[in-house]
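Read through the structure below, which is laid out as structure tokens, and then see the notes.
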Amino acid sequence: MSRRADGKQATTIYDVAEKAGVAPSTVSRAFSRPGRVNAETAERIRAIAAELGYRANPQARALSTTRTGMLAVVLADVTNPVFAEVVRGAGRACDHAGYTMLLAETEESAEKERAMVDRALGSVDAIVLSSSRMSDAAIRQVAKVEPLVVLNREVPGVPCVIVDFEPAMHRIAEHLAGLGHRQVTYVAGPEASWADGMRWRGLRAATDALGLRLRRVGPVAPTVAGGQTAVVDWDAHRTSAVVAYNDMVAIGVIRRMATLGVRVPDDVSVVGFDNTPVGELVTPALTTVAAPLRALGETGASNALALARGARSRATEPVRLPTRLIVRGSTAKASR
0 MSRRADGKQA TTIYDVAEKA GVAPSTVSRA FSRPGRVNAE TAERIRAIAA
50 ELGYRANPQA RALSTTRTGM LAVVLADVTN PVFAEVVRGA GRACDHAGYT
100 MLLAETEESA EKERAMVDRA LGSVDAIVLS SSRMSDAAIR QVAKVEPLVV
150 LNREVPGVPC VIVDFEPAMH RIAEHLAGLG HRQVTYVAGP EASWADGMRW
200 RGLRAATDAL GLRLRRVGPV APTVAGGQTA VVDWDAHRTS AVVAYNDMVA
250 IGVIRRMATL GVRVPDDVSV VGFDNTPVGE LVTPALTTVA APLRALGETG
300 ASNALALARG ARSRATEPVR LPTRLIVRGS TAKASR
């Protein structure tokens with residue numbers, strides 16, 4: 000039985016385990032190998048340990064500082080070309096730091112994402128979440144037990160790197176207004192997408208300022224098929240311009256409109272977002288917002304690895320990356 004310097008019995012790992020309702024081995028892992036314990040459970044164990052005055056064995060704490068030399072990058076959809084550039088940028092940061100990058104896909108599922116993240120904890124030195132579908136609370140829990148950076152989403156209290164959406168949506172609205180368009184339809188992306196909410200908010204503010212009428216259809220999957228389904232709603236209340244959540248949705252819109260005999264851009268102008276390579280393959284080539292996707296991945300991974308090496312997070316404001324509007328053949332003057 001150990002005693003403290005004041006002669007009182009020291010709190011043991013068994014005391015913490017009893018109050019937390021877990022096995023002593025789970026408490027041990029929460030301190031020595033935090034990645035092997037569910038993030039919520041690890042957080043609760045640490046809180047109870049602090050309350051009881053328990054201090055982990057210094058040797059156990061030292062084990063948790065062992066480096067793996069690996070960074071996990073978690074993607075919402077590996078088939079989306081947006082993430083190819085994000086991964087390329089993250090890979091560049093890993094190469095520069097001598098790290099190996101591990102990729103995981105969540106198929107747009109918050110539950111699958113959380114399960115993958117929990118499995119990765121402790122097996123990697125840091126995690127990058129790209130377009131996460133988890134709740135803010137769940138992301139903050141993970142950030143308490145593993146160095147973490149979030150891309151394409153702002154989570155208060157967690158390091159984030161985002162695309163500066165508001166100026167981008169204003170440039171789109173100004174471009175369409177300059178072509179004489181007075182009514183715009185926004186095709187929304189996934190319901191759980193933070194980026195979709197920001198794009199809609201920015202476009203709504205811009206169209207209000209310019210006196211344009213704006214309607215919204217969706218949400219749809221961020222795919223060509225998703226864009227095709229959105230045309231049904233657009234066709235019921237046609238507008239002369241459509242702004243899509245991303246390039247893939249915009250391509251789906253153009254394809255489906257063609258089957259209805261609607262000509263782009265003669266009858267309707269279409270704008271995408273992200274400037275992925277597929278935007279130049281469609282006919283006509285897609286007017287789109289160029290997001291710095293490679294820089295997004297590289298900045299996020301570099302920041303995550305810096306945290307893993309002991310840098311202190313200053314997550315008061317996200318890192319914002321600028322955009323530019325690329326005008327191609329899918330937009331033209333509104334027909335009279």
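So in numbering that gives the first Met the number 0, the last one in the sequence shown is 335, and the numbering has no gaps at all. All residues carry an ideal CB built from backbone N, CA and C; glycine is no exception. Keep in mind the model is a prediction, meaning the values are calculated, not measured.
{"Item": "Nearest candidate by alpha-carbon position, reference Arg319, set Leu295, Val252 and Ala303", "Value": "Leu295"}
{"Item": "Contact between the stretch 137-150 and the stretch 36-55 (3+ Cβ pairs under 8 Å)", "Value": "yes"}
{"Item": "First through last residue of the alpha helix (DSSP H) which encompasses Ser301", "Value": "Leu292 to Ala307"}
{"Item": "Helix, strand or coil at Thr286 [DSSP, three-state]", "Value": "strand"}
{"Item": "When Thr322, Pro317 and Phe272 are compared against Arg152, the one with the closest alpha-carbon", "Value": "Pro317"}
{"Item": "Alpha-carbon spacing of Ala119 relative to Val127, whole angstroms", "Value": "11 Å"}
{"Item": "Exposure label - Val288; buried when at least 16 CB within 10 Å", "Value": "buried"}
{"Item": "Proximity below 8 Å, CB of Arg270 to CB of Ile171", "Value": "Sequence inspection shows Val at residue 270; the Arg mentioned does not correspond to that position. Cβ distance < 8 Å, so Val270 and Ile171 count as in contact."}
{"Item": "Where Thr105 sits in the DSSP three-state scheme", "Value": "coil"}
{"Item": "Option in Arg323, Ser329 and Ser192 with minimal Cα separation from Pro283", "Value": "Ser329"}
{"Item": "DSSP state of Met133 mapped onto helix, strand, coil", "Value": "coil"}
{"Item": "Sequence-distant residues of its chain with Cβ nearer than 7 Å to Glu165 (five each side left out)", "Value": "Gly201"}
{"Item": "CA nearest to the CA of Pro218, picked from Ala208, Leu211, Thr206 and Asp232", "Value": "Asp232"}
{"Item": "Coil, strand or helix - Leu209 by DSSP", "Value": "helix"}
{"Item": "Backbone CA spacing between Arg60 and Ala194 [nearest angstrom]", "Value": "Model confidence at Arg60 stands at a pLDDT of 45, short of 50, so the residue's coordinates are unreliable and nothing is read from them."}
{"Item": "Cα-Cα separation between Leu62 and Leu175, rounded to whole angstroms", "Value": "The pLDDT assigned to Leu62 is 43, lower than 50, so where the model puts this residue is not dependable, and the model offers no usable value."}
{"Item": "Per-residue DSSP class, three states only, for Ala61", "Value": "For Ala61, the predicted model reports a pLDDT of 42, less than 50, meaning its position is unreliable and no value from the coordinates is stated."}
{"Item": "Any 3 or more C-beta pairs closer than 8 Å across the stretch 208-215 and the stretch 84-104", "Value": "no"}
{"Item": "Expected contact under 8 Å - CB spacing of Leu150 and Gly299 to nearest Å", "Value": "5 Å"}
{"Item": "Endpoints, beta strand (DSSP E) assigned at Arg323", "Value": "Arg323 to Ile325"}
{"Item": "Identified DSSP bridge partners for Ser268", "Value": "Ala240"}
{"Item": "As assigned by DSSP and simplified to three states, the class of Ala331", "Value": "coil"}
{"Item": "8 Å Cβ cutoff met for Asp76 and Glu107", "Value": "yes"}
{"Item": "Check whether Val241 and Val252 have beta carbons under 8 Å apart", "Value": "yes"}
{"Item": "Separation of Val183 from Asp94, as counted between CA atoms", "Value": "44 Å"}
{"Item": "Residues bridged to Gln182 (per DSSP)", "Value": "Arg212"}
{"Item": "Enclosing alpha helix (DSSP H) for Leu51 [first to last residue]", "Value": "Ala38 to Leu51"}
{"Item": "Between the CA atoms of Trp199 and Leu209 - distance to the nearest angstrom", "Value": "15 Å"}
{"Item": "Separation of Tyr98 from Leu259, as counted between CA atoms", "Value": "51 Å"}
{"Item": "Segment limits, beta strand (DSSP E) that includes Leu320", "Value": "Val318 to Leu320"}
{"Item": "For Val277, the three-state DSSP class (helix, strand or coil)", "Value": "helix"}
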